[in-house]
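Trainee: Quick one: this structure, given as structure tokens, is what I'll be asking you about.
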Amino acid sequence: MRMYDLIEKKKHGGSLTRQEIHEMIAGYVSGEIPDYQMSAMMMAVCFQGMNRQETTDLTMEMAHSGDTADLSSIEGIKADKHSTGGVGDKTTLIAGPLAASLGVKVAKMSGRGLGHTGGTLDKLESIPGLTTTIPGDRFCRIVNQVGIAVIGQSGNMVPADKKLYALRDVTATVDSIPLIASSIMSKKLAAGSDAIVLDVKTGSGAFMKTMEDSEALAREMVAIGEGAGKKCCALITDMDVPLGRAIGNALEVTEAVQTLRGQGPADLTEVCLQLTANLLFLAGKGSLEACRAMAESAMRDGRGVKVLADMVRAQGGDESFIYDTDRFAKAAYVRKVTAPAGGYITHMDTEGCGIASAMLGAGRVKKEDSIDYSAGICLYRKYGDLVKEGDVLAELYASDERLLDPAEERFLQACAIGEQAPRPRKLVYARVTGEGTVWY
Ligand code: URA
Numbered sequence: 009m010r011m012y013d014l015i016e017k018k019k020h021g022g023s024l025t026r027q028e029i030h031e032m033i034a035g036y037v038s039g040e041i042p043d044y045q046m047s048a049m050m051m052a053v054c055f056q057g058m059n060r061q062e063t064t065d066l067t068m069e070m071a072h073s074g075d076t077a078d079l080s081s082i083e084g085i086k087a088d089k090h091s092t093g094g095v096g097d098k099t100t101l102i103a104g105p106l107a108a109s110l111g112v113k114v115a116k117m118s119g120r121g122l123g124h125t126g127g128t129l130d131k132l133e134s135i136p137g138l139t140t141t142i143p144g145d146r147f148c149r150i151v152n153q154v155g156i157a158v159i160g161q162s163g164n165m166v167p168a169d170k171k172l173y174a175l176r177d178v179t180a181t182v183d184s185i186p187l188i189a190s191s192i193m194s195k196k197l198a199a200g201s202d203a204i205v206l207d208v209k210t211g212s213g214a215f216m217k218t219m220e221d222s223e224a225l226a227r228e229m230v231a232i233g234e235g236a237g238k239k240c241c242a243l244i245t246d247m248d249v250p251l252g253r254a255i256g257n258a259l260e261v262t263e264a265v266q267t268l269r270g271q272g273p274a275d276l277t278e279v280c281l282q283l284t285a286n287l288l289f290l291a292g293k294g295s296l297e298a299c300r301a302m303a304e305s306a307m308r309d310g311r312g313v314k315v316l317a318d319m320v321r322a323q324g325g326d327e328s329f330i331y332d333t334d335r336f337a338k339a340a341y342v343r344k345v346t347a348p349a350g351g352y353i354t355h356m357d358t359e360g361c362g363i364a365s366a367m368l369g370a371g372r373v374k375k376e377d378s379i380d381y382s383a384g385i386c387l388y389r390k391y392g393d394l395v396k397e398g399d400v401l402a403e404l405y406a407s408d409e410r411l412l413d414p415a416e417e418r419f420l421q422a423c424a425i426g427e428q429a430p431r432p433r434k435l436v437y438a439r440v441t442g443e444g445t446v447w448y
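Numbering of the sequence shown is given in the working numbering, commencing with residue 9 and proceeding in unit increments.
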């Protein structure tokens, strides 16, 4: 096989065979195929797509490109959730502990920020001492004892995705249905859970901007999961507005704890309740309605906070930061961003909000950048709100004063103010299973 020929084939819309995909992934992981050829292939896939068989073959080759988790020592059904990526999306830190507090074993492999989106590992690492690099036997012990553990792709887990994820991030090849589906599902299959709930984001802050693409991505991932013998469903949820009020790592952990105490923003609370209900449902805890009621009651009595704190301690972190989130270091510089005119907030370009947060230091602009955990944005006004000129829309937080002006400019570009109240948006649009899509 010559990689050149495969790129040529895909460029003209041809289908790659399982053997060709196998050799391509093995060659890329071993270093035989260089980044520049793989970049060309990724771009060809972005333009030409892949059929279901190719996407499935790619997922399987990636999932088996390195070690896979052995969760056999964890008792009961193991459940996992994964978001396709969004802004202010801290749902894992809420739905995971909530589901664990209700008896589901959550063995979760998470990722870092990608493009304008945040990543669960970065958020968790804002808690002093916490590590997401944990050997398999300790990971299983924590899941058995606490109910949940969250690890990164440590060691030699899914090395193909590790390399491709970093490459796609810097070559504008993230927003492709087969590439996102294979990236996410290869990790989910390698991580070994029995049940998988997928949160497919849609809108201006998601990689999939249209409902049609979001549904196609959800169907693709559910089909791959079910084909591999997993219980699997996807929710299509809104990402045309940042989720909750906090964007940025320690800020999002703080908001997650408030939400676990039942004091979170309504949008974040609702999405987390639905994700939790689906985790419980796939784990066989009852009907979807009964699972929703269980999730609500756990949210009301705040029992997820203790589970999150126990997980933090078990992963080497200082759990006092969960019980008292005021302990998180505050950014040295705060800028209040005010409304340039009165009216309704008619649009929040959510990718723009994510970029503004990254510009403040909360995300990576380059692959090797480190993260400022205290940086980010707190939104005081959101889509649909009526504001007067001069009202505070948001606060920006940074450790370097020079970052504030460009981030403020980017944030204001993202907010549109108009005279007409915009239509209310749904939070959860649909639930996708192997049987089809149910629209809400
Ligand atoms: N999340 C992933 O894990 N992979 C993608 O490609 C996009 C979002």
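Where is the CB? At the ideal position from N, CA and C, for every residue including glycine. A quick note: this is a predicted structure, and the numbers were derived from the prediction, not measured.
Measure the CB-CB distance between S201 and D78 and report whether it falls below 9 Å.
Mentor: Counting from 1 along the sequence shown, the entry for residue 201 is found at position 193. Counting from 1 along the sequence shown, the entry for residue 78 is found at position 70. No, they are not a contact pair.
Trainee: What are the start and end residues of the beta strand (DSSP E) that includes S91?
Mentor: As a first step, residue 91 must be located in the sequence shown, where it is residue number 83. From DSSP, the beta strand (DSSP E) with S91 extends over 86-91.
Trainee: CA-CA distance, A203 and T181?
Mentor: Locating residue 203 in the sequence shown gives position 195, where the first residue counts as 1. Locating residue 181 in the sequence shown gives position 173, where the first residue counts as 1. Approximately 28 Å, taken between the alpha carbons.
Trainee: How about A103 and V315: are their beta carbons less than 9 Å apart?
Mentor: To locate residue 103, count along the sequence shown from 1; it is residue 95. To locate residue 315, count along the sequence shown from 1; it is residue 307. Their beta carbons are not under 9 Å apart, which means A103 does not touch V315 by this criterion.
Trainee: How long is the line joining the alpha carbons of V37 and T346, rounded to whole angstroms?
Mentor: Indexing the sequence shown from 1 puts residue 37 at position 29. Indexing the sequence shown from 1 puts residue 346 at position 338. Distance between the alpha carbons of V37 and T346: 49 Å.
Trainee: Would you kindly work out how many angstroms separate the C-alpha atoms of G5 and G351, rounded to a whole number?
Mentor: Summary: the structure shown does not reach residue 5, with the chain confined to residues 9 through 448, and so no result is reported for it.
Trainee: For the beta strand (DSSP E) containing M117, list its first residue and its last residue.
Mentor: Residue numbering aside, residue 117 sits at position 109 when the sequence shown is read from its first letter. Unbroken beta strand (DSSP E) run through M117: 113-117.
Trainee: Please state whether DSSP places R321 in a helix, a strand or coil.
Mentor: By one-based count along the sequence shown, residue 321 stands at place 313. In the structure shown, R321 sits in a helix (DSSP, three-state: H, G or I).
Trainee: If I follow the unbroken alpha helix (DSSP H) through H455, where does it start and stop?
Mentor: This structure leaves residue 455 out entirely; the chain is present only between 9 and 448.
Trainee: Give every residue of the same chain whose Cβ lies closer than 7 Å to the Cβ of D43, excluding the five residues on either side of it in the sequence, and list them in chain order.
Mentor: As a position in the sequence shown, residue 43 is number 35, starting the count at 1. Once the five neighbours on either side are set aside, the close Cβ partners of D43 are L175.
Trainee: Within 10 Å of its beta-carbon, does S27 have 16 or more other beta-carbons around it, so buried, or fewer, so exposed?
Mentor: For the purposes of this step, residue 27 is taken as residue 19 along the sequence shown, with counting starting at 1. Going by the sequence as given, residue 27 is Gln instead of Ser. Label assigned to Q27: exposed.
Trainee: So, at 6 Å on beta carbons, what are the nonlocal neighbours of Y391 in its own chain, with the 5 sequence-adjacent residues on each side left out?
Mentor: Counting from one through the sequence shown, the residue named residue 391 turns up at place 383. Counting only Cβ-Cβ distances below 6 Å, and skipping sequence neighbours, we find V249, I353, M356.
Trainee: Would D246 pass as a contact of K98 if the rule is Cβ separation under 9 Å?
Mentor: Counting from 1 along the sequence shown, the entry for residue 246 is found at position 238. Counting from 1 along the sequence shown, the entry for residue 98 is found at position 90. Taking 9 Å as the Cβ cut-off, D246 and K98 do not qualify as a contacting pair.
Trainee: Does DSSP classify M219 as helix, strand or coil?
Mentor: Taking the sequence shown and counting its residues from 1, one reaches residue 219 at position 211. Helix at M219.
Trainee: Taking 8 Å as the cut-off, is the CB of D169 close to at least one heavy atom of the ligand URA?
Mentor: Translated into positions along the sequence shown, residue 169 becomes position 161. Yes, the beta carbon of D169 sits closer than 8 Å to at least one heavy atom of the ligand URA.
Trainee: Between V230 and L259, is the Cβ-Cβ spacing less than 9 Å?
Mentor: Position 222 of the sequence shown holds residue 230. Position 251 of the sequence shown holds residue 259. Against a cut-off of 9 Å, the Cβ pair of L259 and V230 comes out as no contact.
Trainee: Can you tell me whether R372 sits near the ligand URA, meaning its C-beta is under 8 Å from at least one heavy atom of the ligand?
Mentor: The sequence position of residue 372 within the sequence shown is 364, counting from 1. Incorrect: R372 has no Cβ contact closer than 8 Å to the ligand URA.
Trainee: State buried or exposed for H124, treating a residue as buried only when at least 16 other CB atoms are found within 10 Å of its CB.
Mentor: Within the sequence shown, numbered from 1, the residue matching residue 124 stands at position 116. Buried is the call here.
Trainee: Which runs of the beta strand (DSSP E) at least 3 residues long sit entirely within the region 356-405? Give them in chain order.
Mentor: As far as the region 356-405 is concerned, its whole beta strand (DSSP E) runs of at least 3 residues are 384-387.
Trainee: Taking V373 as the reference, which of V178, L281, I188 has the closest Cα?
Mentor: In the sequence shown, the residue the question calls residue 373 occupies position 365. When only C-alpha atoms are compared, the closest one is V178.
Trainee: With respect to 8 Å, is the separation between the Cβ of T346 and the closest non-hydrogen atom of the ligand URA below this value?
Mentor: To locate residue 346, count along the sequence shown from 1; it is residue 338. For the ligand URA, not one heavy atom lies less than 8 Å from the Cβ of T346.
Trainee: By Cβ distance below 7 Å, which residues in the same chain neighbour K131 in space, the five residues on each side in sequence not counted?
Mentor: Translated into positions along the sequence shown, residue 131 becomes position 123. Taken in chain order, the residues that qualify are K98, L101, N257, E260, V261.
Trainee: Taking the alpha carbon of N59 as the point to measure from, which residue in G22, T92, F215 has its own alpha carbon closest?
Mentor: Residue 59 sits at position 51 when you count from the first residue of the sequence shown. It is G22 whose Cα lies nearest to the Cα of N59.
Trainee: If you follow the beta strand (DSSP E) that A306 is part of, which residue opens it and which one closes it?
Mentor: For this step, residue 306 is matched to residue 298 along the sequence shown. From DSSP, A306 is part of no beta strand (DSSP E) but of the alpha helix (DSSP H) over 296-309.
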